[in-house]
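Engineer:
Number of protein chains: 2
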Amino acid sequence: LVGALLARGCPVTVLDNFSSGREEHLTPYRDNASFRLVRGDLLSVDDIATALDGVEMVYHLAANPDVKYCPGDATDKDLEQNVIATYNLLECMRRREIKKLAFSSTSAVYGISDRLPIPEVYAGRPVSLYGASKLSCEALIGAFAHLFGMTCWIFRFANIVGPRVRKRGRTVISDFVEALKRDPRSLRILGNGRQAKSYLLDRECVKAMLHVTSVVERPVEIVNLGCSDWITVDEIATIVGEEMQLDAFERTYTGTEGGWPGDVPRFRLDVSKLEGLGWRAAYTSEQAVRMSVRAVLQSGEQSHAPLEAPCSV
Amino acid sequence: LVGALLARGCPVTVLDNFSSGREEHLTPYRDNASFRLVRGDLLSVDDIATALDGVEMVYHLAANPDVKYCPGDATDKDLEQNVIATYNLLECMRRREIKKLAFSSTSAVYGISDRLPIPEVYAGRPVSLYGASKLSCEALIGAFAHLFGMTCWIFRFANIVGPRVRKRGRTVISDFVEALKRDPRSLRILGNGRQAKSYLLDRECVKAMLHVTSVVERPVEIVNLGCSDWITVDEIATIVGEEMQLDAFERTYTGTEGGWPGDVPRFRLDVSKLEGLGWRAAYTSEQAVRMSVRAVLQSGEQSHAPLEAPCSV
């Protein structure tokens, strides 16, 4: 997103505490006179104020990005890092009369639904604290937009994948790559392998946001952002095996319907609104996953974070 | 609610900070051995812990009840008193393994909708901080219910009216009664008078909650709670005039579509789910309003709170 905005001639300020993003991804822009980095936190109003100086529009992508709830986890992490952080941002924007906001929401706001693919008009019933917090952010943004004359775009992301997404113990692709590097003959899969979801490349996600924010301007526009198909966790395991050129490996399953507490086993977004606005994903979920697997394998990057064990169900 | 539960033989603990409710309403139960009052606040985890001692089910009706946002108001009142208060309650319930929760949500979660009457399945787009906070509470409750095996009933209230609801400067009925007592010849009406909403008597609301919680038990059941018709603010003014036996009075209007920032000018709930569960309001909106006006006039009660000026739009 930073690269794309700079390429369009927009000066960019990044506010990040690098709790999940990695500063090295910003290295290419470090010497660009139009680029400014504020190391800070949305829980600090002072940090936000510093970052908002001179800003016309905010892309709010900051969050606790982990959908999983593991027994023993704090239950207020998403309330604090997503809801209160978003409130802090909105209030600072209001005081500075900054009127435009694009927000990364999530398909997790829909929860478990009988209606698949699901269009934006149906109510979300999130089953995770993460999904609940994102729906809360959406509601707050909508109220601020209405009360204070803002223009807001809310994007409900599919699973966003690519070479630079979080690694090791946090996403299915990096999990499988790491696990099969350690033991190429067997793979443990959370759930029953039949969880089916939609995947979109990170650079496609950026393109879609920039497209939508340029073609439509209303107080609040909520848009499902993904592709129209899905693939299963089992299919992802097969792709990873193929790209690693492994022989057949044994699969074991934890066996539950979802991969973890709060997981939505099956979701598919109705993207007709997005397509009606003139944007369509260039790749299927299968292609996006395969390209991400290749990128992860080629980069050979190691995570800087310690391996986080996925919680058992 | 307290009276109805005691009449059914349930011991009742009330936790209230009396920021909007009035302690005198509890006087009839004060000497009942099954009744316990905890003066306290949901922002205090200790107060909640005291109140939850020995409790099997919680009716969570506590909130900042004021839907209005007036310029200059704090923007985090609903976030704190509704969302964080509800989180505190949920977390205390989780730690104590209290599994049943009935929650007073609101028709304000729907915001301004083209679909009237609106059923539960459609997404809310709240236009007030109050509505946004209640939708956030719903989402939090849903996630807790799913993750921690709770059984929750979420009631989206119509406008609840009756002799004991908040007075003076806070509700349309008490506003009109007070204003016409001061000056029986003219009435200033917020908005254009054509705002149309549904009204339900408080005692009917209690009956409906007790009915629904007794006939259905799922992790999360969301139910619109009201009647199927609506009346306008102008019609309410007429009813108040009739019940006060006034001659015709002059009406002036602030003229906006909604009565105040964040007001939803027209709403009507689809109550087919409620009716399908076997409960139907005994009175129309017009009857409920008329009965409330009579009760307010008969009680002749004066508010203990100072008159709060409604904010201009």
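If you're matching them up, the sequences are chains Z and G in order.
Read left to right, the first sequence gives residues 396 to 708 (this note's numbering).
Read left to right, the second sequence gives residues 396 to 708 (this note's numbering).
C-beta atoms are modelled at their ideal positions from N, C-alpha and C, and glycine is treated no differently.
#1: Buried or exposed: Z/Ala-574, going by 16 or more other Cβ atoms within 10 Å of its Cβ?
#2: What first and last residue would you give for the alpha helix (DSSP H) that runs through Z/Cys-600?
#3: Extract the residue ranges of the beta strand (DSSP E) inside the stretch 547–590 of chain Z, only unbroken runs of 3 or more that lie entirely within it.
#4: Please list the terminal residues of the continuous beta strand (DSSP E) segment that includes G/Met-488.
#5: What's the call for Z/Ser-694, buried or exposed, on a 16-neighbour Cβ count within 10 Å?
#6: Near Z/Gly-537, which residues of its chain fall below 7 Å by C-beta distance, leaving aside the five closest residues on each side in sequence?
#7: To the nearest angstrom, how far is it from the Cα of Z/Val-409 to the Cα of Z/Asp-461?
#8: Which value, in whole angstroms, describes the spacing of the CA atoms of G/Val-407 and G/Cys-600?
#9: Is there a Cβ of chain Z sitting closer than 8 Å to that of G/Val-522, yes or no?
#10: In angstroms, rounded to a whole number, what distance separates the CA positions of G/Leu-672 and G/Leu-664?
#11: I think Z/Gly-622 touches Z/Ser-593, with their Cβ atoms under 8 Å apart; what is that distance to the nearest whole Å?
#12: Quick check on Z/Asp-436 - is its C-beta less than 8 Å from some C-beta in chain G?
#13: Using a beta-carbon distance below 8 Å, is G/His-455 in contact with chain Z?
#14: Which term fits G/Asp-436, buried or exposed, when burial requires 16 or more other beta carbons within 10 angstroms of its beta carbon?
#15: What does G/Pro-656 reach in chain Z if we use C-beta pairs closer than 7 Å?
#16: Quick one: grab the DSSP three-state call for G/Phe-662.
#17: Express the C-alpha separation of Z/Leu-530 and G/Glu-533 in angstroms, rounding to a whole number.
#18: What's the gap between the Cα of G/Tyr-648 and the Cα of G/Arg-510?
#19: Scan the stretch 525–536 of chain Z for residues whose Cβ lies nearer than 9 Å to a Cβ of chain G and list them as they occur along the chain.
#20: Between G/Ala-458 and chain Z, is there a C-beta pair that is closer than 8 Å?
#21: Using a cut-off of 8 Å between C-beta atoms, extract the partners of G/Gly-519 located in chain C.
#22: Starting from the beta carbon of Z/Asp-471, find every residue of chain G whose beta carbon is closer than 8 Å, and list them in chain order.
#23: Is there a C-beta anywhere in chain Z that falls below 8 Å from the one on G/Leu-669?
#24: Check the Cβ of G/Arg-489 against every Cβ in chain Z and list those closer than 9 Å, keeping chain order.
#25: So, for G/Val-708: in the same chain, excluding its five sequence neighbours on each side, which residues have a beta-carbon less than 6 Å away from its beta-carbon?
#26: When burial is assigned at 16 or more other CB atoms within 10 Å of the CB, is G/Thr-501 buried or exposed?
#27: Please decide whether Z/Ala-538 counts as near chain G, where near means a Cβ-Cβ distance under 8 Å.
#28: According to DSSP, is Z/Asp-652 part of a helix, a strand, or is it coil?
#29: Which two residues bound the contiguous beta strand (DSSP E) that contains G/Phe-430?
#30: Can you tell me which of the three DSSP states Z/Lys-592 falls into?
#31: Closest to Z/Pro-558 by C-alpha separation, out of Z/Val-688, Z/Asp-411, Z/Arg-403, would be which residue?
#32: Leaving aside the five residues before and after Z/Ala-480 along the sequence, list all residues of the same chain whose C-beta is less than 7 Å from its C-beta, in chain order.
#33: Taking beta-carbon pairs under 8 Å, can you tell me which members of the stretch 583–615 of chain Z lie near chain G?
#34: Note down the Cα distance separating Z/Asn-619 from G/Phe-543, rounded to an integer number of angstroms.
#35: Report buried or exposed for G/Ala-527, applying the criterion of at least 16 other Cβ atoms within 10 angstroms of its Cβ.
Structural biologist: In short, the structure shows the following:
#1: On the first sequence, residue 574 of chain Z is found 179 positions in, with the first residue counted as 1. The C-beta of Z/Ala-574 has 16 or more other C-beta atoms within 10 Å across all chains shown, which makes the residue buried.
#2: Looking up residue 600 of chain Z in the first sequence gives position 205. Segment 597–610, the alpha helix (DSSP H) holding Z/Cys-600.
#3: Listed in chain order, the complete beta strand (DSSP E) runs (minimum 3 residues) inside the stretch 547–590 of chain Z are 554–556, 581–584.
#4: Here residue 488 of chain G is taken as the residue at index 93 of the second sequence, counted from 1. Per DSSP, G/Met-488 belongs to no beta strand (DSSP E); it is in the alpha helix (DSSP H), 480–491.
#5: Along the first sequence, one-based indexing puts residue 694 of chain Z at 299. By the Cβ neighbour-count rule, Z/Ser-694 is exposed, with fewer than 16 other Cβ atoms within 10 Å of its own.
#6: In the first sequence, the residue the question calls residue 537 of chain Z occupies position 142. Short of 7 Å from the beta carbon of Z/Gly-537, and not among the five residues preceding or following it, lie these beta carbons of its own chain, in chain order: Val-615.
#7: Numbered from its first residue, the first sequence carries residue 409 of chain Z at position 14. Numbered from its first residue, the first sequence carries residue 461 of chain Z at position 66. Distance between Z/Val-409 and Z/Asp-461, taken at the CA atoms: about 21 Å.
#8: Within the second sequence, numbered from 1, the residue matching residue 407 of chain G stands at position 12. Within the second sequence, numbered from 1, the residue matching residue 600 of chain G stands at position 205. If I take the Cα positions, the gap works out to 18 Å.
#9: Here residue 522 of chain G is taken as the residue at index 127 of the second sequence, counted from 1. Yes, because at least one Cβ of chain Z sits closer than 8 Å to the Cβ of G/Val-522.
#10: In the second sequence, residue 672 of chain G corresponds to position 277, counting from 1. In the second sequence, residue 664 of chain G corresponds to position 269, counting from 1. Computed Cα separation, rounded: 15 Å.
#11: By 1-based counting over the first sequence, the position of residue 622 of chain Z is 227. By 1-based counting over the first sequence, the position of residue 593 of chain Z is 198. The sequence given here places Cys at residue 622 of chain Z; Gly does not occur at that position. The C-beta distance from Z/Cys-622 to Z/Ser-593 rounds to 6 Å, short enough to meet the 8 Å contact threshold.
#12: Counting from 1 along the first sequence, the entry for residue 436 of chain Z is found at position 41. The Cβ of Z/Asp-436 sits no closer than 8 Å to any Cβ of chain G.
#13: The residue given as residue 455 of chain G occupies position 60 in the second sequence. Not closer than 8 Å to any Cβ of chain Z, the Cβ of G/His-455 fails to qualify, so no.
#14: On the second sequence, residue 436 of chain G is found 41 positions in, with the first residue counted as 1. That one is buried.
#15: Working through the second sequence from its first residue, we reach residue 656 of chain G at position 261. Residues of chain Z passing the Cβ test: Leu-542.
#16: The sequence position of residue 662 of chain G within the second sequence is 267, counting from 1. DSSP places G/Phe-662 outside both helix and strand once states are collapsed to three, so it counts as coil.
#17: As a working mapping, residue 533 of chain G is identified with position 138 in the second sequence. As a working mapping, residue 530 of chain Z is identified with position 135 in the first sequence. In a straight line, the C-alpha of G/Glu-533 is about 10 Å away from that of Z/Leu-530.
#18: Translated into the one-based positions of the second sequence, residue 648 of chain G becomes position 253. Translated into the one-based positions of the second sequence, residue 510 of chain G becomes position 115. Cα atoms of G/Tyr-648 and G/Arg-510: separation of roughly 27 Å, rounded to the nearest angstrom.
#19: For the stretch 525–536 of chain Z, the set of positions with a beta-carbon nearer than 9 Å to some beta-carbon of chain G reads Tyr-525, Gly-526, Ala-527, Ser-528, Lys-529, Leu-530, Ser-531, Cys-532, Glu-533, Ala-534, Leu-535, Ile-536 in chain order.
#20: Your numbering for residue 458 of chain G matches position 63 in the second sequence. Interface flag for G/Ala-458 against chain Z is unset, since no Cβ pair is found closer than 8 Å.
#21: Going by chain labels, chain C is absent from the structure shown, which instead holds the protein chains Z and G.
#22: Counting from one through the first sequence, the residue named residue 471 of chain Z turns up at place 76. Result: Tyr-482, Glu-486.
#23: The count along the second sequence starts at 1 and reaches residue 669 of chain G at position 274. The beta-carbon of G/Leu-669 is placed no less than 8 Å from the nearest beta-carbon of chain Z.
#24: Within the second sequence, residue 489 of chain G is the residue found at index 94, counting from 1. What G/Arg-489 touches in chain Z: Thr-470.
#25: Sequence index remark: in the second sequence, residue 708 of chain G carries index 313 (1-based). Low confidence applies to G/Val-708: its pLDDT is 33, below 50, so where it sits in the model is not reliable, and the reading given next is rough at best. Closer than 6 Å at the Cβ level, and outside the excluded window around G/Val-708, lie Thr-649, Thr-651, Trp-655.
#26: Your numbering for residue 501 of chain G matches position 106 in the second sequence. With 16 or more Cβ atoms within 10 Å of its Cβ, G/Thr-501 is classed as buried.
#27: The residue given as residue 538 of chain Z occupies position 143 in the first sequence. By this cut-off, Z/Ala-538 is an interface position.
#28: For this step, residue 652 of chain Z is matched to residue 257 along the first sequence. Sequence check: residue 652 of chain Z is Glu here, not Asp. Of the three classes helix, strand and coil, the one that applies to Z/Glu-652 here is coil, per DSSP.
#29: Locating residue 430 of chain G in the second sequence gives position 35, where the first residue counts as 1. Element bounds for G/Phe-430: 430–434.
#30: Numbered from its first residue, the first sequence carries residue 592 of chain Z at position 197. Three-state DSSP puts Z/Lys-592 in a strand.
#31: As a position in the first sequence, residue 558 of chain Z is number 163, starting the count at 1. Considering only alpha carbons, the answer is Z/Val-688.
#32: The sequence position of residue 480 of chain Z within the first sequence is 85, counting from 1. Excluding sequence neighbours, Z/Ala-480 sits near Leu-437, Leu-438, Ala-457.
#33: Within the stretch 583–615 of chain Z, the residues whose Cβ lies closer than 8 Å to some Cβ of chain G are Val-615, listed in chain order.
#34: Against the first sequence, residue 619 of chain Z aligns to sequence position 224. Against the second sequence, residue 543 of chain G aligns to sequence position 148. C-alpha separation (whole angstroms): 29 Å.
#35: Within the second sequence, residue 527 of chain G is the residue found at index 132, counting from 1. Around the C-beta of G/Ala-527, 16 or more other C-beta atoms lie within 10 Å, and the residue is accordingly described as buried.
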